[in-house]
Amino acid sequence: MNPPVTILALSASVSPTLAIHLLRPLHGMPGINIQMLTQEALVQIAKNAPPGIDGLSLAGMILNQVRPALVFSSRYNGAMAEDFLAASRKLGLPFVFHLDDNLMEVSADQGAEKVAYYNHPTRLQALRAQMEQASVAYFSTDALRDRMLELGVSVAKSHVGPICAAVDLLPPPPAPTSLTFGYAASGGHNEDLKLALPGIVAALEQHPQARFELIGSLEHSPAELSRFGERVKHERRFIPYDDYLRDLQRRNWVLGLTPLCDNPFTRMKTYTKWVEYTAAGLPVIASDHPIYRDCCAGGAALLVKDADWATALPALLGDAATRATMVAKARDRVGQDYSVARLRTQLLEVFRLAGLAL
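The opening position of the sequence shown corresponds to residue 1 in my numbering, with each subsequent residue numbered one higher.
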């Protein structure tokens, strides 16, 4: 029996991106051992390093101790990012850098704190160095790769797979017993929520039995919704990715909202939320945004122009038959084209291109 193969993952945290693109595809594969180093852990390791040990030497010591067959950097731009890149190259280890968002140009609508964090020169340099020097720079979309090239990033070897999100279908939930719709969003989606807000208000006005749930890391529920009292629920929480998917299924919304502002930053994003909602059995109403047009074609979601949320959302909320048809089409497509098995095959091809055949 061959000894287990260790993959060393570098990531700011155990994030959804890491779960989707590495942990879930490799879960259960015999002979694969994943070791993770988060930014918090690496900051602590650097702080406790013996006197006189520089970052490159420390990264080399860690690699010699862990003995990975490959290093996978999941959009990592924090402590020791370039040190691990250089140490991996020095030891001849395959190094894959994965990017699923345009972190080189974080837009102002993401919030001042996030912009300052990602636009720090050290973080930008870490991203650039990894894209340019990795064994493979693995991009989620052609648009993202092309934008990096436009920015002057000299990518030595790039790869873009046919899919950029995958979730295995959860069992379909029972027929909803309430007219509850919702939006799951992280803290950078305030402007997106504003797009859908006229539709949310109109839906609550036109359907007195309807309820709206806002979950995720958005700090506040819009003030415009306060007049609806207990019919609007805001849950600000952080939970592991697998728990998040099961939570979506448990909520059994009659509609999952996916508003998205159309700008250069969001055009680099992926259709992950549509896949997640669909896997949980939720019909989707989404912005008519370029990233959703292919995956949602043929009625796998309702795509809405920015000015049409106030009419489209309440109308769909009152049309159970259309919602049922939409989610059936979407689940057929996700099951066929966006499975974890397919993403696993894609990931293993990236490993092969980097120099590791499994």
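Built from N, CA and C at the ideal position, the CB exists for glycine as well.
Predicted model only: the values in this text are computed from it and were never measured.
Same chain, Cβ closer than 8 Å to His-159, five either side skipped, listed in chain order: The count along the sequence shown starts at 1 and reaches residue 159 at position 159. If we look at His-159 and ignore the five residues flanking it on each side, its Cβ neighbours are Val-136, Ala-137, Tyr-138, Phe-139, Glu-349, Val-350 and Leu-353.
Gly-31: which of Gly-188, Leu-248 and Asn-2 sits nearest, CA to CA? For the purposes of this step, residue 31 is identified with residue 31 of the sequence shown, where counting begins at 1. Ranking the options by Cα distance to Gly-31, first place goes to Asn-2.
Would you identify the three-state DSSP class for Arg-236, choosing helix, strand or coil? As a first step, residue 236 is located in the sequence shown; it is residue number 236 there, counting from the start. Of the three classes helix, strand and coil, the one that applies to Arg-236 here is strand, per DSSP.
DSSP on Gly-335, reduced to helix/strand/coil? Translated into the one-based positions of the sequence shown, residue 335 becomes position 335. In this structure, Gly-335 counts as helix in the three-state DSSP scheme.
Just to confirm before moving on: does the CB-CB distance between Val-340 and Ala-165 stay below 8 Å? Within the sequence shown, residue 340 is the residue found at index 340, counting from 1. Within the sequence shown, residue 165 is the residue found at index 165, counting from 1. No, the pair does not count as a contact, with Cβ atoms beyond the cut-off.
Measuring alpha carbon to alpha carbon, tell me which of Val-155, Gly-318 and Ala-300 ends up nearest Met-131. For the purposes of this step, residue 131 is taken as residue 131 along the sequence shown, with counting starting at 1. Residue Val-155 is the option with its Cα nearest to Met-131.
Kindly list the residues whose CB is nearer than 8 Å to the CB of Gly-299, restricted to its own chain and excluding five residues on each side of it in sequence; keep chain order. Translated into the one-based positions of the sequence shown, residue 299 becomes position 299. Excluding residues within five positions, the ones whose Cβ falls inside 8 Å are Thr-325, Met-326 and Lys-329.
Those runs of the alpha helix (DSSP H) which lie wholly inside the region 199-255 and span at least 4 residues: 241-251
Kindly provide the ranges of any alpha helix (DSSP H) runs that are 4 or more residues long and lie completely inside the region 274-330, ordered along the chain. 290-293 and 309-317
C-alpha distance - Tyr-271 paired with Pro-50, whole-angstrom precision: In the sequence shown, residue 271 corresponds to position 271, counting from 1. In the sequence shown, residue 50 corresponds to position 50, counting from 1. Roughly 45 Å separates the two Cα atoms.
Since I believe Leu-245 is in contact with Ala-196 (beta carbons under 8 Å), could you give me their beta-carbon distance rounded to a whole number of angstroms? Taking the first residue of the sequence shown as 1, we reach residue 196 at position 196. Taking the first residue of the sequence shown as 1, we reach residue 245 at position 245. Not quite, the Cβ-Cβ distance comes to about 22 Å (not below 8 Å), so this is no contact.
Along the chain, where does the alpha helix (DSSP H) containing Gly-55 start, and where does it finish? Residue mapping note: residue 55 aligns to position 55 of the sequence shown, counting from 1. Where Gly-55 is concerned, the enclosing alpha helix (DSSP H) stretches over 55-66.
Return the CA-CA distance between Ala-307 and Leu-8, expressed in angstroms with no decimal places. As a first step, residue 307 must be located in the sequence shown, where it is residue number 307. As a first step, residue 8 must be located in the sequence shown, where it is residue number 8. Each residue's Cα considered, the two are about 46 Å apart.
Gln-346: buried (16+ other C-beta within 10 angstroms of its C-beta) or exposed? Counting from one through the sequence shown, the residue named residue 346 turns up at place 346. Buried, because 16 or more other Cβ atoms sit within 10 Å of the Cβ of Gln-346.
Measure from the alpha carbon of Pro-173 to the alpha carbon of each residue in Arg-331, Asp-54 and Gly-187, then state which is nearest. The residue you call residue 173 lines up with position 173 of the sequence shown. Checked all of Arg-331, Asp-54 and Gly-187; the closest Cα to Pro-173 is Arg-331.
Is the shortest distance between the beta-carbon of His-289 and the beta-carbons of chain B less than 8 Å? Judged by its chain identifiers, the structure shown contains no chain B, having just a single protein chain.
Which parts of the region 94-158 are runs of the alpha helix (DSSP H), unbroken and 4 residues or longer, counting only runs that do not cross its ends? 112-118, 121-133 and 142-150
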